[in-house]
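The next block holds one structure in the form of structure tokens; read it before the comments.
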Amino acid sequence: MRGVVLHAPGDIRVEERPDPMIIEPTDAIIRVTAACVCGSDLWPYRGVEKLDGPVPMGHEYVGVVEEVGSEVTTIKPGQFVVGSFWASDNTCEICRSGYQSACVHRVLMGTIGTQAEYARIPLADGTLVATPGLPEPDLVSSLLAASDVLGTGWFAAVAAQAGPGKTVAVVGDGAVGLCAILAAKQLGAERIIAMSRHASRQELARRFGATDIVTERGDEGVAAIKELTGGLGAHSVVEAVGTQEAMTQAIDSTRPGGHMGFVGVSHDVSLPGDELFFSLVHLHGGPAPVRQYLPELIDLIYSRRIDPGQVFDLTLPLDQAAEAYRAMDERRAVKALLLP
Numbered sequence: 001m002r003g004v005v006l007h008a009p010g011d012i013r014v015e016e017r018p019d020p021m022i023i024e025p026t027d028a029i030i031r032v033t034a035a036c037v038c039g040s041d042l043w044p045y046r047g048v049e050k051l052d053g054p055v056p057m058g059h060e061y062v063g064v065v066e067e068v069g070s071e072v073t074t075i076k077p078g079q080f081v082v083g084s085f086w087a088s089d090n091t092c093e094i095c096r097s098g099y100q101s102a103c104v105h106r107v108l109m110g111t112i113g114t115q116a117e118y119a120r121i122p123l124a125d126g127t128l129v130a131t132p133g134l135p136e137p138d139l140v141s142s143l144l145a146a147s148d149v150l151g152t153g154w155f156a157a158v159a160a161q162a163g164p165g166k167t168v169a170v171v172g173d174g175a176v177g178l179c180a181i182l183a184a185k186q187l188g189a190e191r192i193i194a195m196s197r198h199a200s201r202q203e204l205a206r207r208f209g210a211t212d213i214v215t216e217r218g219d220e221g222v223a224a225i226k227e228l229t230g231g232l233g234a235h236s237v238v239e240a241v242g243t244q245e246a247m248t249q250a251i252d253s254t255r256p257g258g259h260m261g262f263v264g265v266s267h268d269v270s271l272p273g274d275e276l277f278f279s280l281v282h283l284h285g286g287p288a289p290v291r292q293y294l295p296e297l298i299d300l301i302y303s304r305r306i307d308p309g310q311v312f313d314l315t316l317p318l319d320q321a322a323e324a325y326r327a328m329d330e331r332r333a334v335k336a337l338l339l340p
């Protein structure tokens, strides 16, 4: 099969990879209908994350089940499925508490690589959720978003306790940040502040539910949030970048007693203990337990109450994956969808 492989920073190739096979009786093989490039894929692409030799890429996916292992009972060939970027058994004690991304048997799908024509899905019963039927073509992009960025944005908004009467500020205008705005709107937030400097992303933020736009960053961005909130800060803040500046900006934008959800993959971020101590801010975040939310998100998408697929502003065939990475790296695209 054809699949995307990163050979070195900036060196993305589409080449022949071995066809996936059932290894464990709990595996499934899917034919990938759509995959995409994630903002977190750009860390190794840029050389920030060091890799040991060529590696397969991709962890977001939807597709049709081709084959299942002998112990798979809830998923069958022919079904259209959505899966999380973490494979999980969904039965261990951690999974049952709603944190499938910390499953005791978890497998990171990025180690398998789903930017490909086919993929092996470990722990298929716990990882995959079948849609009510074969989706209409225009729903595929939104279902793909549910595999990571929508589920991650949703978790961030929940972790920040976005809800009725709340003012929510979102640091980061990538696909996850934009989906966090959509989630905050669905959760009933009264006011949603998008922090963005890019006109096209600001427009999508407003379509997703943002009521205010703040273009400043750092201390100036914090001051703007304070000005919009009577000097107090937002009740709920989402951090969806993963840098020191974004994390500091998010904490400082949260009012005492407020909640901050952080889902940007942290790189060289440190938090001074004294500042954190006196902030009186609740912090919760990490790798999103997307599987927890998939049934609800699929229902919202199927009933056309949300359209997160709008975050995909570039669609390319799999063979042009290198251009998809370049476009996202150069911020010419919010998120690139790949069609195998």
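Using the UniProt record's numbering, read the sequence shown as starting at 1 and increasing by one per residue.
Glycine residues also receive a C-beta, built at the ideal position from the N, C-alpha and C atoms.
Predicted, not measured: the structure shown is a model, and the values here were computed from it.
The beta-carbon distance between valine 237 and alanine 169, rounded to whole angstroms, is 5 Å. This is short enough to meet the 8 Å contact definition. In the three-state DSSP reduction, phenylalanine 312 falls in the coil class, being neither helix nor strand.
DSSP places tyrosine 118 inside the beta strand (DSSP E), whose first and last residues are 118-121. By the Cβ criterion, the segment 244-260 is not in contact with the segment 37-50, since fewer than three pairs of Cβ atoms, one from each stretch, lie closer than 8 Å.
According to the DSSP assignment, glycine 221 belongs to the alpha helix (DSSP H) that extends over 218-228.
Its Cα nearest to that of leucine 128, the residue Asp27 stands out among Asp27, Gly153, Thr243 and Asp219. Taken through DSSP and simplified to helix, strand or coil, aspartate 19 comes out as coil. The shortest C-alpha to C-alpha distance from aspartate 319 to any of Asp313, Ala333 and Leu339 is the one to Leu339. Residue pairing of arginine 332 in beta bridges, as defined by DSSP: absent, with no partner found.
The DSSP-derived three-state label of methionine 247 is helix. Secondary-structure assignment with DSSP links threonine 254 through a beta bridge to Ala234.
DSSP places valine 265 in no beta strand (DSSP E); its state is neither H nor E. Ranked by how close their Cα comes to the Cα of glycine 209, the residues Ala145, Arg201 and Thr215 have Arg201 in first place. For alanine 199, the enclosing alpha helix (DSSP H) has its first and last residue at 199-208. Listed in chain order, the alpha helix (DSSP H) runs fully inside the segment 32-72 are 42-45, counting runs of at least 4 residues. Taking 8 Å as the cut-off, the beta carbon of isoleucine 225 is found no closer than this to the beta carbon of isoleucine 181. Under the three-state reduction of DSSP output, valine 104 falls in the coil class, being neither helix nor strand.
For alanine 169, DSSP records a beta bridge to Ile193 and Val237. When secondary structure is reduced to three states using DSSP, leucine 187 falls in the coil class, being assigned neither helix nor strand. In the structure shown, the three-state DSSP call for proline 317 is strand.
Under the 10 Å beta carbon count, aspartate 148 is surrounded by 16 or more other beta carbons and is classified as buried.
Each residue's CA atom was taken as its position, placing glycine 10 and glycine 110 some 18 Å apart.
Listed in chain order, the non-local C-beta contacts of proline 54 below 6 Å within the same chain comprise Val5 and His7, local neighbours out to five positions each way being set aside. Inclusion of proline 56 and isoleucine 112 in the CB contact set at 8 Å is warranted, their separation being smaller than that value. For valine 5, the uninterrupted beta strand (DSSP E) run begins and ends at 2-8, by DSSP. Pairing alanine 124 with valine 72 gives a Cβ-Cβ distance under 8 Å. Counted as a single uninterrupted DSSP element, the alpha helix (DSSP H) harbouring isoleucine 94 occupies residues 93-96.
In this structure, proline 122 sits away from phenylalanine 80, with a CB-CB distance that is not shorter than 8 Å.
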